[in-house]
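Asks: Take a look at this one; I'll ask things after.
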Amino acid sequence: MRPSDGAAILIHEATVSDRIEQVQHIRMRYEVFQEGLLVQTQLRTHRLRWYHKHEFAMMLESVGFREVEMQCGYTDSSGTNPEAELIFIAKR
Numbered sequence: 005m006r007p008s009d010g011a012a013i014l015i016h017e018a019t020v021s022d023r024i025e026q027v028q029h030i031r032m033r034y035e036v037f038q039e040g041l042l043v044q045t046q047l048r049t050h051r052l053r054w055y056h057k058h059e060f061a062m063m064l065e066s067v068g069f070r071e072v073e074m075q076c077g078y079t080d081s082s083g084t085n086p087e088a089e090l091i092f093i094a095k096r
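Below, the structure is given as structure tokens:
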């Protein structure tokens, strides 16, 4: 339920992953219902490309960055948590 007006929001998502090309296509449909009636629909398409940490480091180095460091999450940790975001710090 949306707190501002009590509308119910239904989200549909379809995802297709291409593991060879390392890309994911995501289609989302948002439907807003007020008092049981559909009042708004939004369609969104996203394309997500992923890189492995070594690939990303090599890309940075190939365009002139040096001293490439990787951090796990938004901390100073160099851990290996597979769920955390990878943060790259590099100097040119």
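Last residue of the sequence shown: 96 in the working numbering, with the numbers rising by one and none dropped. Cβ coordinates follow ideal geometry from the N, Cα and C atoms, glycine included.
Inspect the CB distances between the segment 39–53 and the segment 68–81 and report whether three or more fall short of 8 Å.
Replies: Too few Cβ pairs lie closer than 8 Å, so no.
Asks: Does Gln28 have its Cβ less than 7 Å from a Cβ in chain B?
Replies: In summary, chain B is missing from the structure at hand, where a single protein chain is found.
Asks: Look at Lys57 and Met74 and say whether their C-beta atoms are less than 7 Å apart.
Replies: Along the sequence shown, read from residue 1 onward, the residue named residue 57 stands at position 53. Along the sequence shown, read from residue 1 onward, the residue named residue 74 stands at position 70. Cβ distance < 7 Å, so Lys57 and Met74 count as in contact.
Asks: Under 7 Å between the Cβ atoms of Gly77 and Ala61?
Replies: On the sequence shown, residue 77 is found 73 positions in, with the first residue counted as 1. On the sequence shown, residue 61 is found 57 positions in, with the first residue counted as 1. Not closer than 7 Å, so no.
Asks: Which word fits Leu64, buried or exposed, when buried means at least 16 other C-beta atoms lie within 10 angstroms of its C-beta?
Replies: One-based indexing of the sequence shown puts residue 64 at position 60. With 16 or more Cβ atoms within 10 Å of its Cβ, Leu64 is classed as buried.
Asks: Is any heavy atom of the ligand MN found at a distance shorter than 6 Å from the C-beta of Lys95?
Replies: Of ligands this structure carries none, so the ligand MN is not represented either.
Asks: With distances taken from CA atoms, which of Thr45, Val72, Gln28 is nearest Ala12?
Replies: Your numbering for residue 12 matches position 8 in the sequence shown. Nearest option by C-alpha distance: Thr45.
Asks: Give, in chain order, every unbroken run of the alpha helix (DSSP H) that is at least 4 residues long and sits entirely within the segment 15–75.
Replies: You should have 57–66.
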